[in-house]
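In our numbering, the protein residues as written are 1 to 147. Built from N, CA and C at the ideal position, the CB exists for glycine as well.
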């Protein structure tokens with residue numbers, strides 16, 4: 001199920017977060033977490049939530065700005081959110097994404113490389129959240145903000 005309004009809203013606030021225009025707290029306050037669209041929930045929990053520290057309020061600007069490779073990743077998430085492709089990764093990955101923060105905390109971060117390795121085996125990090133390269137290349141050929 002694609003929730004166009006939630007996806008568009010999420011894409012816009014994600015752009016603002018990555019550009020350092022809003023704080024992490026403003027981002028979370030505006031986040032459409034009640035959407036039933038798997039893409040909105042998965043990109044938030046498996047991607048966007050890891051961009052910042054939620055223990056304090058700040059913008060991703062200045063010394064906290066995102067590195068170029070992180071901005072490219074965010075652009076890929078936004079490209080997916082603006083597409084009409086369904087999120088198609090298996091539920092087992094979704095369960096791992098929910099458990100990941102807990103394991104990271106309880107293992108004092110030692111489980112993070114193991115979990116990252118497992119995630120990367122199950123999904124191609126070069127194209128995630130797209131499920132295949134054809135969809136990704138189609139979306140790249142039709143950029144939503146340049147039309």
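Span separating the alpha-carbon of residue 57 from that of residue 28: 11 Å
Quick check: the Cα distance between residue 109 and residue 87, rounded to an integer number of angstroms? 28 Å
Expressed to the nearest angstrom, what Euclidean distance is found between the alpha-carbon atoms of residue 66 and residue 18? 7 Å
Indicate the three-state DSSP secondary structure (helix, strand or coil) for residue 59 in the structure shown. strand
Exposed or buried, what is residue 7 when buried is set at 16 or more other beta-carbons lying within 10 Å of its beta-carbon? buried
Cutting at 6 Å between CB atoms, please list the residues of its own chain near residue 131, excluding the five before and the five after it. 88
Would you tell me roughly how many angstroms separate the C-alpha atoms of residue 142 and residue 125, rounded to the nearest one? 21 Å
Would you tell me roughly how many angstroms separate the C-alpha atoms of residue 21 and residue 4, rounded to the nearest one? 23 Å
Identify the continuous alpha helix (DSSP H) that holds residue 127 and give its terminal residues. Per DSSP, residue 127 belongs to no alpha helix (DSSP H) and is neither H nor E.
Starting from residue 85, trace the alpha helix (DSSP H) both ways and give me its first and last residue. No alpha helix (DSSP H) contains residue 85, which DSSP labels as neither H nor E.
Excluding the 5 residues flanking residue 127 on each side, which residues of the same chain have their C-beta closer than 7 Å to its C-beta? 133, 136
For residue 136, report the span of its alpha helix (DSSP H) as first-last. 133 to 141
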